[in-house]
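Working notes for the structure below.
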Amino acid sequence: MSVVVQSPANRILVIAPNWIGDAVMAQPLLQLLKRDHPEAVIDVLAPAWVAPVLRAMVEVDMVLETPFKHGSLQLRERWRYAKILRQRGYAAAYVLPNTLKFALLPWMAGIKKRVGYKGESRYGLINVMHHDSRPVPRAMVAFYAALASAPVSDLTQSFPKPRLQITPAQIDTVLQDTGLSAKQPLICFAPGAEFGNAKRWPVSHFAELAKTILQVYPDAQIVLLGSPKDVEVCQQIQAACPAVHQFAGKTKLDQALALIAASNAMVSNDSGLLHIASAFNRPVIAIYGPTDPDHAPPFSDIAHSLSLRLACAPCKQRECPLGHHDCMNKLDSHMVWQSLQAILGTGTAT
Ligand code: SF4
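Under numbering that gives the first Met the number 0, the first residue of the sequence shown is numbered 0, with each subsequent residue one higher.
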């Protein structure tokens with residue numbers, strides 16, 4: 000059996016963002032790199048908590064999990080890891096995080112072409128430097144996808160949508176493991192938000208929506224997804240509506256991906272799981288409060304972005320500075336149900 004050894008000229012390293020939603024938004028960059036370099040091997044360096052998302056991208060050959068602690072420099076570890084990267088041999092590196100420490104790695108590894116934004120004044124470390132100097136930040140997909148081409152001052156082109164893929168066998172396994180049925184409607188809720196409480200739609204609204212769904216579709220399986228940090232709010236939703244399946248903190252991210260891919264619809268705060276659903280092209284109801292619904296909108300063919308667009312929004316604060324949280328409290332479950340019913344009622348979700 001012959002083994003094809005890729006030369007460094009054919010190896011590309013992408014250093015992924017540290018957040019799930021941003022990693023999904025970076026996916027079109029991978030599509031463009033594969034289109035422009037069809038022979039290339041593309042490795043992605045990512046933290047362990049983001050790695051399952053990268054593994055669902057068909058353009059990625061290998062996901063290298065970063066051994067670094069979040070937020071720390073760990074210079075000695077970086078030199079050690081750079082040595083491994085040097086041995087693998089890369090022709091180019093695309094550095095998506097804007098921090099100095101991630102730009103250090105490809106420079107330490109001797110990778111000749113190092114593409115990224117100026118970020119933390121990374122002169123010398125990044126040698127194909129892009130600038131995002133517009134007063135309004137680019138939408139996230141364009142921000143990352145622009146790195147596939149030479150730097151330009153005015154970005155007018157359009158980019159492909161993020162897309163993720165997993166196999167039917169993976170979905171079957173997770174449905175079996177979780178005791179869910181492929182024959183009954185599956186609706187995922189993502190009530191969490193890493194960023195802070197202000198981005199959370201209220202527990203009572205999620206619970207009311209769940210009850211309404213179950214009145215109309217008694218066989219629906221409503222699944223609550225999220226990280227260990229979301230367990231408390233998900234347990235509160237379950238306390239108010241015991242028929243929901245509380246999986247936050249119980250399922251791993253790769254299992255959550257499979258459930259989302261199998262779902263008939265997803266109702267989500269502005270969070271990473273929203274963008275995963277969107278990249279699987281599942282019907283999505285995205286609920287925005289203090290964030291801008293136009294900054295990183297869902298890309299599904301069927302997507303509803305709900306925002307009251309109050310005068311105080313988008314404040315982008317972790318906690319409501321006005322104390323009333325009207326952007327979420329006044330967006331009641333009936334408004335979300337109307338959009339969801341339009342999806343479920345037409346059968347377009349199946
Ligand atoms: S200030 Fe306005 S947009 Fe910001 S959290 Fe409060 S209600 Fe929402």
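Just so it is clear, CB atoms sit at the ideal spot from N, CA and C, and this is done for glycine as well.
Please read all numbers here as calculations on a predicted model, not as lab measurements.
Is the distance from the Cβ of residue i to the Cβ of residue j below 8 Å?
i: Leu223; j: Pro190; result: yes
i: His274; j: Val62; result: no
i: Leu174; j: Ala255; result: no
i: Arg317; j: Ser299; result: no
i: Asp21; j: His204; result: no
i: Pro12; j: Asp42; result: First, the amino acid is wrong: residue 12 is Leu here, not Pro. Result yes, Cβ atoms of Leu12 and Asp42 sit closer than 8 Å.
i: Ala55; j: Leu163; result: yes
i: Lys111; j: Val127; result: no
i: Gln220; j: Cys233; result: no
i: Ile83; j: Cys187; result: no
i: Pro320; j: Thr290; result: no
i: Ala138; j: Ala247; result: no
i: Ala278; j: Pro161; result: yes
i: Trp48; j: Leu252; result: yes
i: Ser270; j: Glu193; result: yes
i: Ala257; j: Gln169; result: yes
Cβ of residue i within 7 Å of any heavy atom in the ligand MN?
i: Asp293; result: The model on display carries the ligand SF4 but not the ligand MN.
For residue i, which of helix, strand or coil comes out of DSSP?
i: Glu207; result: helix
i: Ala310; result: coil
i: Pro190; result: coil
i: Val352; result: The chain is shown from 0 up to 349; residue 352 falls before or after that span and cannot be answered.
i: Met56; result: coil
i: His36; result: coil
i: Val90; result: Val is not the amino acid found at residue 90; the sequence shown has Ala there. If DSSP states are grouped into helix, strand and coil, Ala90 belongs with coil.
i: His303; result: strand
i: Ala25; result: coil
i: Ala45; result: strand
i: Ala181; result: coil
i: Glu351; result: Not covered by the structure: residue 351. The range shown for the chain is 0 to 349.
i: Gly346; result: The pLDDT assigned to Gly346 is 49, lower than 50, so where the model puts this residue is not dependable, and the model offers no usable value.
i: Leu72; result: coil
i: Ala341; result: helix
i: Leu31; result: helix
i: Leu63; result: strand
i: Leu84; result: helix
i: Ala285; result: strand
i: Met334; result: helix
i: Ala15; result: coil
i: Val3; result: Reliability fails at Val3, whose pLDDT of 48 lies under 50, so the model's placement of it is uncertain and the value that follows must be treated cautiously. The answer is coil: DSSP assigns Val3 none of H, G, I, E or B.
Considering only residues of the same chain and omitting the five flanking positions on each side of residue i, which have a CB-CB separation below 7 Å?
i: Leu103; result: Arg77, Leu124
i: Asn97; result: Tyr116, Gly118, Glu119
i: Val59; result: Leu29, Ile41, Val43, Leu53
i: Val325; result: Note that residue 325 is Asp in the sequence shown, not Val. Here the set comprises Leu309.
So, for residue i: in the same chain, excluding its five sequence neighbours on each side, which residues have a beta-carbon less than 6 Å away from its beta-carbon?
i: Ala206; result: Ile236, Ala239, Cys240
i: Pro46; result: Asn17, Thr65
i: Val140; result: Met24, Pro27, Phe158
For this session: May I have a chain-ordered list of the alpha helix (DSSP H) segments no shorter than 4 residues that lie completely inside the region 124-178?
Result: 139-144, 167-177
Problem set entry | Touching by the beta-carbon criterion (3+ pairs, under 8 Å), the region 283-292 and the region 258-272 | yes
Problem set entry | Three CB pairs or more closer than 8 Å across the region 293-311 and the region 328-348 | A contact between stretches requires three or more CB pairs, one per stretch, nearer than 8 Å, and the region 293-311 meets this requirement with the region 328-348.
Problem set entry | Length-filtered (4 minimum) alpha helix (DSSP H) runs lying within the region 207-282 | 230-239, 252-261, 271-278
Problem set entry | beta strand (DSSP E) runs wholly inside the region 94-126, at least 3 long, in chain order | 112-116
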